[in-house]
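Asks: In this note's numbering, the protein residues as written are 8 to 35. Built from N, CA and C at the ideal position, the CB exists for glycine as well.
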Amino acid sequence: MELISEHYVCWMLKWQAALVVSFVACIV
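(1) Going by beta carbon distance, what residues of the same chain come within less than 7 angstroms of Val28, once the five residues before and after it are set aside?
(2) With H, G and I counted as helix, E and B as strand and the rest as coil, what does DSSP make of Val35?
(3) Please report the distance separating the alpha-carbon of Ala32 from that of Trp18.
The structure is reproduced here in structure tokens:
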């Protein structure tokens, strides 16, 4: 379970980071 949780958190962080980058790119 821990490995799955860590993988899920990592995926969420990557997705959120990509979303923020796209959002900033739209503003700039």
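Replies: Judging by the given coordinates:
(1) In the sequence shown, residue 28 corresponds to position 21, counting from 1. Counting only Cβ-Cβ distances below 7 angstroms, and skipping sequence neighbours, we find nothing.
(2) For this step, residue 35 is matched to residue 28 along the sequence shown. Val35: coil per DSSP, three-state reduction.
(3) Stepping through the sequence shown from its first residue, residue 32 is reached at position 25. Stepping through the sequence shown from its first residue, residue 18 is reached at position 11. Near 21 angstroms, if we compare the C-alpha coordinates of Trp18 and Ala32.
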